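Residue 0 is where the sequence shown starts when you use numbering that gives the first Met the number 0, and the numbers rise one by one after that.
The structure appears below as structure tokens.
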Amino acid sequence: MTINAGPFAGTTRLTSRRREVELDALAVAPAVDLLVVGGGVTGAGVALDAAARGLRVVLVEARDLAFGTSRWSSKLVHGGLRYLASGRIGVARESAVERGVLMTRTAPHLVRPLPQLVPLLPGLLRPGQASLVRAGFLAGDALRLSARTPGAVLPRMRRVDAARARQLVPGVRAAGLAGALVAHDGQLVDDARLVVALARTAAQYGATVLTRVRAEEVTGTSARLVDSLTGQSLALTAGAVVNATGVWAGEVDPSIRLRPSRGTHLLVDAAALGHPVAALTVPVPGSTSRFVFALPQQLGRVAIGLTDEDAPGPIPDEPQPTEAELDFLLDTVNAALTTALTRADVRGAYAGLRPLIDTGGGSTADISRQHAVLESPSGVITVVGGKLTTYRRMAEDAVDTAVRLRRLPARACWTARLPLVGAPGHRDSRPAPEGGVPASLLARHGGAAREVLAAGGAEPIAEGIDVTRAEIAYAVTHEGALDASDVLDRRTRIGLVAADAARARAAVEEIVAQSRTR
Ligand SMILES: Cc1cc2nc3c(=O)[nH]c(=O)nc-3n(C[C@H](O)[C@H](O)[C@H](O)COP(=O)(O)OP(=O)(O)OC[C@H]3O[C@@H](n4cnc5c(N)ncnc54)[C@H](O)[C@@H]3O)c2cc1C
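Pasting the structure below:
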């Protein structure tokens, strides 16, 4: 049985009305099988896993879906090549398997194959480094094959000549270019959209998904849930509580010790690199394993990242990049460009904190990205570490642990076969209507494009911003956006460039106000 067997049973729609009705229902019957704290990729994945196994699930998110680290990633669904280089074969294989699951079954509409190009330029690679990169790419191919991801989904590595390299990344330095090595990985159209798709699919399977609700006084079987919109609270009891609050995990459960590391990206216009279709990969001078990437993005931008800096102290709501990080990124990428980028090219910048488990000394770059499921003395089950790519496996491990420790009445995990909303094979997915659907809308919504267009017009929200008015309305009528900030900063990523947000805000606010009543 599901707790929302009422008016919203079986629907993926998240609305403010649903939120109110489900909060009221919870106040009357405040007992569930599983409480999930945190609405990032990990918590949304846990909620889906548990609800699909038939458990009664509540997910609470203090701010908005994908408010935390999950929206500040590089948006890569990666096969774990980096872990292979350091001999962590288990982590690498897990990544490659989960990449294949996302790209072939659960969310192929949100993940595309991205060519990654390492230019063979004098002075850029150290002697012998090209052979190392080639060997790494070949090992990545072997990993892909062992994960049974076909070459039709992710093509094998190859060497290309200089002309082809400049077609893929027109801005790459021409002088002395002897070609490039090219390998493929997965790239999300947007990380926050994966989180929203997970939360909506969890809701379809009966999970109650509540944003603007903070969990306080959390124990292994209870929590106080505080609605930040009304100030009201309720005491919830649960068979198990999963803490999926990422870098905030230690605030929910003080026995957890993390060592956050900041990763920064900056954004430039795609035109500044000649509208690349591949990611440009530039080695960091002095390191054999670190690279700066220039990654083509939606909305006509390229993201250049990323850094890995210790970030001790209180956890900010929105981490800020430092000037030194921006200089480091520009200096590194400029070594591979014909025309150097300057600060004047930077349209925006963002930083996120990796929730790394504190393993003592060493640099944060050396700390394992493997996830952990930990039961604290108070009985809270924390799932932390890992990465976006492996969210599904993290969720499976966390729910398996909760089921085993608390004897919850659950079926076996089956999320590897469960298409998310918008994916081919999802119950509500429809072929896109002939013509008239902007390619960008299709890339963000997949099989839900027809439904999105029914919510409003296909014209852009502001001149030069490739997001339709329909998507703004749909964010409110289907995706749980409660205000203009949810829409600008998470359902769409217009907010990544402050000047774009300023241009779109009035129209977004108007549509949000109109759509709330629908
Ligand atoms: C710069 C950077 C780049 C990255 N790039 C990649 C990449 O390309 N590919 C990849 O696979 N991984 C990448 N990662 C890793 C990945 O982004 C993270 O591992 C992942 O997003 C963590 O998700 P999470 O759900 O655990 O945490 P979060 O996304 O931070 O979610 C935690 C949520 O808990 C909420 N919360 C906190 N306290 C409470 C409370 N008391 N009650 C209710 N809610 C609460 C917060 O508001 C937040 O929304 C990157 C990470 C960084 C920092």
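Where is the CB? At the ideal position from N, CA and C, for every residue including glycine.
As the structure is a computational prediction, the values presented were derived from the model and not from experiment.
Just to confirm, are residue i and residue j a CB contact at a threshold of 8 Å?
| i | j | result |
| --- | --- | --- |
| alanine 302 | leucine 33 | no |
| alanine 323 | serine 260 | no |
| isoleucine 510 | glycine 455 | yes |
| leucine 209 | glutamate 60 | yes |
| alanine 191 | glycine 135 | no |
| alanine 201 | serine 221 | no |
| alanine 178 | alanine 161 | Checking the displayed sequence, the identity of residue 178 turns out to be glycine instead of alanine. Against a cut-off of 8 Å, the Cβ pair of alanine 161 and glycine 178 comes out as a contact. |
| leucine 266 | glycine 347 | yes |
| tyrosine 349 | valine 40 | no |
| leucine 305 | histidine 264 | yes |
| threonine 244 | glycine 37 | yes |
| glycine 318 | leucine 352 | Note that residue 318 is proline in the sequence shown, not glycine. In this structure, leucine 352 lies closer than 8 Å to proline 318 by Cβ. |
| threonine 236 | alanine 28 | no |
| arginine 392 | glutamate 97 | yes |
| leucine 109 | leucine 193 | yes |
| alanine 415 | glycine 44 | no |
| glycine 42 | leucine 113 | no |
Looking at ligand 1, does it come within less than 7 Å of residue i, judged from the CB to the closest heavy atom?
| i | result |
| --- | --- |
| serine 15 | no |
| serine 439 | no |
| glutamate 317 | no |
| proline 320 | no |
| glutamate 216 | no |
| alanine 500 | no |
| proline 354 | yes |
| histidine 77 | yes |
| glutamate 60 | yes |
| alanine 206 | no |
| threonine 338 | no |
| valine 251 | yes |
| valine 496 | no |
| tryptophan 247 | yes |
| glycine 39 | yes |
| glycine 254 | Strictly speaking, residue 254 in this sequence is serine, with glycine absent from that position. Flag unset: Cβ of serine 254 not near ligand 1. |
| glycine 385 | yes |
| glycine 262 | yes |
| arginine 213 | yes |
| threonine 414 | no |
| threonine 68 | yes |
| serine 73 | yes |
| threonine 229 | no |
Nearest to residue i by CA position, among the options, is which residue?
| i | options | result |
| --- | --- | --- |
| proline 437 | Val420, Glu470, Arg429 and Pro423 | Glu470 |
| leucine 520 | Pro418, Glu478 and Ala138 | In the structure displayed, the chain extends from 0 to 517; residue 520 sits before or after that span and is not available. |
| glycine 435 | Arg410, Val225, Leu452 and Arg443 | Leu452 |
| aspartate 465 | Pro107, Arg300 and Met393 | Arg300 |
| histidine 183 | Arg111, Glu216 and Thr389 | Arg111 |
| alanine 461 | Asp427, Ser428, Glu508 and Gly249 | Glu508 |
| threonine 10 | His425, Arg443 and Leu116 | His425 |
| proline 121 | Val496, Ala237 and Ala173 | Ala173 |
| alanine 214 | Thr467, Leu407, Arg504 and Leu58 | Leu58 |
| leucine 197 | Thr103, Gly421, Arg492 and Arg515 | Gly421 |
| aspartate 226 | Leu101, Val291 and Leu25 | Leu25 |
| valine 90 | Thr388, Pro154 and Val496 | Thr388 |
| phenylalanine 292 | Ala43, Ala483, Ala49 and Leu75 | Leu75 |
| histidine 444 | Ala106, Gln166 and Gly99 | Ala106 |
| alanine 339 | Asp307, Ala270 and Cys412 | Ala270 |
| arginine 157 | Leu180, Pro149 and Ala138 | Leu180 |
| alanine 431 | Pro459, Ala448 and Ala415 | Ala448 |
| tryptophan 247 | Arg104, Thr287 and Pro313 | Pro313 |
| proline 275 | Arg289, Ala397, Arg163 and Gly378 | Arg163 |
| leucine 328 | Gly262, Thr337 and Ser288 | Gly262 |
| arginine 342 | Leu440, Val372 and Asp326 | Asp326 |
| proline 118 | Ala46, Glu450 and Arg165 | Arg165 |
| glutamine 115 | Gly78, Leu355, Asp499 and Asp427 | Gly78 |
| proline 423 | Ala442, Leu336 and Thr467 | Ala442 |
Which whole-angstrom value is the C-beta distance of residue i and residue j, which I expect to be below 8 Å?
| i | j | result |
| --- | --- | --- |
| valine 168 | alanine 277 | 5 Å |
| glycine 175 | leucine 272 | In fact, because the Cβ distance is near 18 Å, the residues do not count as touching under 8 Å. |
| valine 409 | arginine 52 | Correcting the residue type first, residue 409 is alanine in the shown sequence and not valine. So it is a contact: roughly 4 Å between Cβ atoms. |
| valine 241 | valine 382 | 6 Å |
| arginine 62 | arginine 223 | At roughly 17 Å, the Cβ-Cβ gap does not stay under 8 Å, so arginine 62 and arginine 223 are not in contact. |
| aspartate 23 | cysteine 412 | Not really, about 31 Å apart at Cβ, beyond 8 Å. |
| phenylalanine 66 | arginine 489 | 7 Å |
| valine 281 | threonine 331 | 6 Å |
| arginine 504 | alanine 483 | 6 Å |
| glycine 219 | glycine 378 | 2 Å |
If we define contact as Cβ-Cβ less than 8 Å, is residue i a contact residue for chain D?
| i | result |
| --- | --- |
| valine 301 | The structure shown contains no chain D, having only a single protein chain. |
Taking 8 Å as the threshold, find out whether the segment 136-156 comes into contact with the segment 254-267 through three or more Cβ pairs. no
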